[in-house]
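This report concerns only the one structure given below.
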Amino acid sequence: MSIKRNDIRHVAVIMDGNGRWATERGLPRIQGHRAGVAALKEIIKYSGEIGLEYLTLYVFSTENWKRPSIEVNSLMGLLIEFVEKELEELKANGVKLMVIGDLESLPRNVRASLERAILATEKNKGLHLSVAVNYGGRDEIVRAVKRIADDAASGRIDAAQIDDRMIESYLYTAGIPDPDLVIRPSGELRISNFLLWQIAYSELWFSNCYWPDFTPEDFQRAIDDYYRRDRRYGGL
Ligand code: IPE
Ligand code: IPE
Ligand code: MG
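All the letters of the sequence shown, read from the start, carry residue numbers 5 to 240 under our numbering.
Right, here's the structure in full:
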């Protein structure tokens, strides 16, 4: 049997398990998030090294506001800290940063820091890094539908011409190819409202290790596994 070698352009990661990683060590959950940031830096670096075009990381979901405010606040603080500390290196490595999600309802300083980094890296031609912050797949679709309805009502578009491609162009991810591979560590076998439209035909890869323990070797293992998959898209 021949094995088709799939191309891989876009990997999306649900970085999960930070809290459990910390709890198992008797540490506060925020220490798990810190360790998670360390892991994500390695994955960003490795993605650049192997010449991956697109990496999307799920950082904070529209449902994560349900967590105690102390955790939400420390996650927001970590996000700012990450941008402030890593921006120079991201720039030096040619990373182009983008945020998907509802930026408007983030604390002003978080938003400002993200916007500054987006602007500072916008001309870069290396790894295209999307961070999903205050992101929800359903929220994204609701926003798209509202804008499409507005544009149809005002005559900017013709409702009869709404198709897949048009809907895509209204999503946060407009212009970005769908993920080829979605990775979720931590043992949970679910999508948790991540990229619902975009993962229609993505390959899924799960592992039991918590995100802070996830290494570039694990990342490569997922990619190697992906190469062995037979993507049929409903065909034969
Ligand atoms: C993922 O780790 C990070 C975020 C959701 C912000 P968790 O905080 O969900 O860790 P667990 O799942 O509780 O272990
Ligand atoms: C998904 O993880 C969101 C992020 C990794 C940012 P969660 O920990 O929020 O997901 P559930 O609650 O286990 O589904
Ligand atoms: Mg979790």
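A virtual CB, placed ideally from N, CA and C, is assigned to each residue, including glycine.
Tell me, to the nearest whole angstrom, how far the beta carbon of residue i is from that of residue j; I am working on the premise that it is less than 8 Å.
{"i": "Ile-12", "j": "Tyr-205", "result": "That pair is no contact at about 14 Å."}
{"i": "Ala-156", "j": "Ala-163", "result": "4 Å"}
{"i": "His-132", "j": "Lys-95", "result": "With a Cβ gap of about 14 Å, His-132 and Lys-95 do not count as contacting."}
{"i": "Lys-45", "j": "Glu-90", "result": "7 Å"}
Take the Cβ of residue i as the centre, count every other Cβ of all protein chains shown within 10 Å, and call the residue buried at 16 or more, exposed below.
{"i": "Tyr-237", "result": "exposed"}
{"i": "Thr-219", "result": "exposed"}
{"i": "Glu-207", "result": "buried"}
{"i": "Pro-189", "result": "buried"}
{"i": "Val-244", "result": "Nothing about residue 244 can be read from this structure; the chain reaches only from 5 to 240."}
{"i": "Leu-79", "result": "buried"}
{"i": "Ala-121", "result": "buried"}
{"i": "Gly-21", "result": "buried"}
{"i": "Gln-224", "result": "exposed"}
{"i": "Ile-47", "result": "buried"}
{"i": "Ile-74", "result": "exposed"}
{"i": "Gly-30", "result": "exposed"}
If I measure Cβ to Cβ from residue i and keep anything under 8 Å in the same chain, skipping five residues before and after, which residues do I get?
{"i": "Leu-82", "result": "Ile-34, His-37, Arg-38, Val-41"}
{"i": "Ile-166", "result": "Ile-152, Ala-156"}
{"i": "Arg-115", "result": "Leu-107, Glu-108"}
{"i": "Glu-88", "result": "Ser-117"}
Kindly indicate which residue of the options has the alpha-carbon position closest to the one of residue i.
{"i": "Glu-85", "options": "Leu-118, Leu-101, Asp-106, Lys-95", "result": "Leu-118"}
{"i": "Gly-98", "options": "Asn-113, Ile-152, Asp-167, Glu-57", "result": "Glu-57"}
{"i": "Gly-23", "options": "Gly-55, Ser-196, Pro-216, Tyr-139", "result": "Pro-216"}
{"i": "Val-137", "options": "Lys-150, Ile-104, Val-87", "result": "Ile-104"}
Among the residues of its own chain, which have a CB less than 7 Å from the CB of residue i, if the five just before and after it don't count?
{"i": "Ala-226", "result": "Leu-185, Ile-187, Trp-209"}
For residue i, collect the residues of the same chain with a Cβ closer than 6 Å to its Cβ; drop the 5 residues on either side in sequence, then sort them by chain order.
{"i": "Arg-233", "result": "Glu-207"}
Hey, would you say the C-beta of residue i is under 8 Å away from at least one heavy atom of ligand 5?
{"i": "Phe-210", "result": "Only ligand 1, ligand 2 and ligand 3 can be found as ligands here, which leaves ligand 5 out of the picture."}
* To do: Note down, one range per segment and in chain order, each beta strand (DSSP E) of at least 3 residues found wholly within the region 20 to 106.
  => Segments of the beta strand (DSSP E) lying fully in the region 20 to 106: 58 to 65, 100 to 104.
* Asked: Could you give the uninterrupted runs of the alpha helix (DSSP H) lying entirely in the region 140 to 228, keeping only those of 4 residues or more?
  -> Given a length threshold of 4 residues, each whole run of the alpha helix (DSSP H) inside the region 140 to 228 is given here in chain order: 141 to 157, 168 to 173.
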